[in-house]
Every structure is written in C-alpha cells, then in structure tokens.
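Below is one structure; the comments refer to it alone.
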C-alpha cells in the first residue's frame, strides 16, 4: 500500500464523494436525455445560477465572461413536463448513513417545493444515500418538516416513505417509473 | 443639436434597442415576481446557460468564475406552473416593423416549443414589436412555420392571431390574463 491507512481513507472519502456528486448529475442528465429521445418527458436541468460581473470581447465574434459569481438557487435544479403534469425536483446526496441533513435543501428551495405542490405540480427529491437512489415525495418532506423540529430526516423515514429508484441501462435512473406508481395509473 | 442627424439617428436606435432589451426582461421579471407574491403562478426565468472553464478560490470562502462562455439555449427562457398547467415561453423583440424574423427563435427552441405542446403544456412567445407586447401562441407559430417557407412572420399575422398583452402597474405585463381567455374559463 502506498498510503498510510488514515490518509488513504480520507482520500477515498474525497474521491468517492466527488465521483458520486458528478455521477448523480450525470446520471440524471443522461436519463433526461433518454426520456426526451423516446418522447416520454421533457425535463431539463436548469443552468447554474450566476451573477456575471465582467465580460470581455477579445475579437468581434467572441464574448468571454471573465468574472462571475455563483448564486444560491431559489428553485430546484430540474423541471419540465411529464404526462401533462408540471414536474420540479432536485437531486441531493449525503455521506451520512443515518439521516439526510435538511441543510442540503435551502429554505427558498423548500418554500418553492411547497408552492409547486399547492399549484398542482409534482415536486420531490432524489436522494443518494447508503448506496441507493431514493425518491422522496415533496408531500412527505413537508409532512416531516411540519411535524418535527429535527434538522435531518432519519434514514428510517426515507426507507418507509421513499421509493428506491430502479437503475437500468436506459434510462440509468428510471425515476418516472416511481411517478407512474404514485401519480398515474401505470401504463 | 450636438450630433449630425445620421449619427443621432444611429445613436438613438442603439440606445432604444438596448433599453427595450433590458426593459422586456426586467418587465417580465417584475411581473413574475408579482405573480409569485400574490400566489397566482410560479414562473421563473432560467439562468443564462454558460460553460464554465476556469474557477479560482482567492480565499477559503470565495469561489470566482474567471472564464466562462455563453451557450446557445436549447429551451425557452421562462417556465413554471399556472393553474395546474406547465407553462414554457420566451420573450423576443424586433425593430423590424413589418415582420418578426424567425431567426430570433433558434431551431432547438422551436422544436422544444412543439414538444411542450405535444406533452400537454402551454408554450408561446411574447413579442415586442411596433411599441406593443404581443402574445403569440406556440400553436399559431407552428401552423405558420409548417405552412410557409418565409423566414419571418408578417406583422399582419401577429396582429390577426396574437393578442396584445395588457400593461398595468401590477403586474407590468399581465400575460397570464391572455392565457385565461385562451386556455381557461375566466375567473
């Protein structure tokens, strides 16, 4: 072994966290692309919200942003339409094995989720935790938050109220399958 | 007069164009904010799509984008939910007084519009032209494109098939009023 154990452990933790992070967004992007390809749903990830503060024009045809800042998003990252319904969700992950920290969901995002549901849309989180991808419906998240003072959702709650999202070759994460069972008569 | 006439004219054209451009996005942003405030609809402008190629960390808490490029959007700029329906639209303007050049709507955006309608959503353009804000429904745009080889939509078509959007103090552009008459029983 090249590294002493405690370094190796930290290194793995970092690498696997970063990989998971990339993987989750990537898995959803290819899944959404596939859904659009087979015309099942029109769902996109929103661009990263930034504030542009400096733009340069090195020549007539080029326009480069040379200074910009990341903004905290006030909505969820993914939205679109499925079976005529407005869909709005986000993907989160945690290394925590016993609970999902609600700090992962900004206050504005939580309020947005509530509003979407009140207006007749479907909102949820996809949570990667303990090696599985869980679908957790916005209604269950709201019920939890309104009846608890805890700052994290216990894994047991997610296991009980969430659904494990099927992983396939295409789509990689078939989260619409979960929506079929929850919101529509299955086709 | 400070400027010879032909320079002044060009200057005014530039200024008014830029102002109109800012104004249209700004008018829609404040209108959408108002709609959210009174809980009438949950509609947001998507962030500008960019490709980030360089990020710097001047200190532990700061993260600055130092190089990024604008990407051509493949969807429309605004989406959300109104009266339970998925809404997806864009705002365009033209200085052309006789026709709206279809070059303003990228091929991908046009295809996206078609898909949204096929999936049961509502899609449209808000076109600022000849001093008025027109609502032009996606279905009318598709009908025009499929039955014409022209590269622009004549103003007469917009006047006949579009609706003039009421301008108010709040909301500044009451485009949902047009949706009420077209898609819902009025409230």
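Chains as they are written, first to last, in the working numbering: chain R, 21 to 207; chain W, 21 to 207.
Yeah, the Cβ is synthetic: ideal placement off N, Cα and C, and Gly gets one too.
Comparing alpha-carbon positions, which option in W:125, W:77, W:175, W:87 lies nearest residue 119 of chain W? The residue labelled residue 119 of chain W in the question sits at position 99 within the second chain. Nearest option by C-alpha distance: W:175.
Please list the residues of the stretch 104–127 of chain R that have a C-beta atom closer than 9 Å to any C-beta atom in chain W, keeping them in chain order. Closer than 9 Å at the C-beta level to chain W, one finds these residues of the stretch 104–127 of chain R: 104, 105, 106, 107, 108.
Run of the alpha helix (DSSP H) containing residue 123 of chain W, from where it starts to where it stops: Along the second chain, read from residue 1 onward, the residue named residue 123 of chain W stands at position 103. First-last for residue 123 of chain W: undefined, no H or E at that position.
Relative to the C-alpha of residue 45 of chain W, which candidate in W:192, W:200, W:204 has its C-alpha closest? Within the second chain, numbered from 1, the residue matching residue 45 of chain W stands at position 25. When only C-alpha atoms are compared, the closest one is W:192.
Applying the criterion that 16 or more other CB atoms from any shown protein chain within 10 Å of the CB defines a buried residue, is residue 187 of chain R buried or exposed? Working through the first chain from its first residue, we reach residue 187 of chain R at position 167. Looking at its Cβ environment, which holds fewer than 16 other Cβ atoms inside 10 Å, residue 187 of chain R is exposed.
Along the chain, where does the alpha helix (DSSP H) that runs through residue 202 of chain R open and close? The residue given as residue 202 of chain R occupies position 182 in the first chain. Its alpha helix (DSSP H) spans residues 195–203.
Under a Cβ-count criterion, where at least 16 other Cβ atoms within 10 Å of its own Cβ denotes burial, should residue 59 of chain R be classed as buried or exposed? On the first chain, residue 59 of chain R is found 39 positions in, with the first residue counted as 1. Classification for residue 59 of chain R: exposed.
Can you check which of these residues, W:133, W:70, W:180, is closest to residue 63 of chain R by C-alpha distance? Along the first chain, read from residue 1 onward, the residue named residue 63 of chain R stands at position 43. Nearest C-alpha to residue 63 of chain R: W:133.
Output the distance between the C-alpha atoms of residue 97 of chain R and residue 140 of chain W, rounded to the nearest integer angstrom. To locate residue 97 of chain R, count along the first chain from 1; it is residue 77. To locate residue 140 of chain W, count along the second chain from 1; it is residue 120. Each residue's Cα considered, the two are about 22 Å apart.
Among the residues of its own chain, which have a CB less than 7 Å from the CB of residue 164 of chain W, if the five just before and after it don't count? Stepping through the second chain from its first residue, residue 164 of chain W is reached at position 144. Excluding sequence neighbours, residue 164 of chain W sits near 173, 177.
8 Å Cβ cutoff met for residue 143 of chain W and residue 108 of chain W: For the purposes of this step, residue 143 of chain W is identified with residue 123 of the second chain, where counting begins at 1. For the purposes of this step, residue 108 of chain W is identified with residue 88 of the second chain, where counting begins at 1. Closer than 8 Å, so yes.
Give the DSSP bridge partners of residue 174 of chain R, in chain order. By 1-based counting over the first chain, the position of residue 174 of chain R is 154. Per DSSP, the beta bridge partners of residue 174 of chain R are R:119.
Among the candidates R:49, R:181, R:83, R:91, whose CA atom is the shortest distance from the CA of residue 91 of chain W? Numbered from 1 along the second chain, position 71 holds the residue referred to as residue 91 of chain W. Among R:49, R:181, R:83, R:91, the Cα nearest to that of residue 91 of chain W is on R:83.
Around the C-beta of residue 123 of chain W, are 16 or more other C-beta atoms found within 10 angstroms, so that it is buried, or is it exposed? Within the second chain, residue 123 of chain W is the residue found at index 103, counting from 1. So residue 123 of chain W counts as exposed.
Determine the chain W residues that contact residue 89 of chain R at a beta-carbon separation under 9 Å, and present them in chain order. Walking along the first chain from the start, residue 89 of chain R turns up at place 69. Those within 9 Å of residue 89 of chain R in chain W are 82, 83, 84, 85.
Same chain, Cβ closer than 6 Å to residue 150 of chain R, five either side skipped, listed in chain order: For the purposes of this step, residue 150 of chain R is taken as residue 130 along the first chain, with counting starting at 1. Within the same chain, residue 150 of chain R has close Cβ partners 117.
Any chance you could list the alpha helix (DSSP H) runs of at least 4 consecutive residues sitting entirely within the stretch 73–154 of chain R, in chain order? The DSSP assignment places complete alpha helix (DSSP H) segments of no fewer than 4 residues inside the stretch 73–154 of chain R at 127–138, in order along the chain.
On the three-state DSSP scale, how would you describe residue 183 of chain W? Walking along the second chain from the start, residue 183 of chain W turns up at place 163. Reduced to three states, the DSSP call for residue 183 of chain W is strand.
Closer than 8 Å to chain R by CB, residue 201 of chain W: Numbered from 1 along the second chain, position 181 holds the residue referred to as residue 201 of chain W. For residue 201 of chain W, no CB of chain R lies under 8 Å from its own CB, so it is not counted at the interface with that chain.
Whose CA, out of W:157, W:138, W:105, lies closest to the CA of residue 146 of chain W? As a first step, residue 146 of chain W is located in the second chain; it is residue number 126 there, counting from the start. Checked all of W:157, W:138, W:105; the closest Cα to residue 146 of chain W is W:157.
Any C-beta of chain R sitting closer than 8 Å to the C-beta of residue 99 of chain W? In the second chain, counting from the first residue as 1, residue 99 of chain W sits at position 79. The C-beta of residue 99 of chain W comes closer than 8 Å to at least one C-beta of chain R.
Boundaries of the alpha helix (DSSP H) in which residue 161 of chain W is found, first to last residue: What you label residue 161 of chain W is simply residue 141 of the second chain in a count that begins at 1. Per DSSP, the unbroken alpha helix (DSSP H) holding residue 161 of chain W starts and ends at 158–167.
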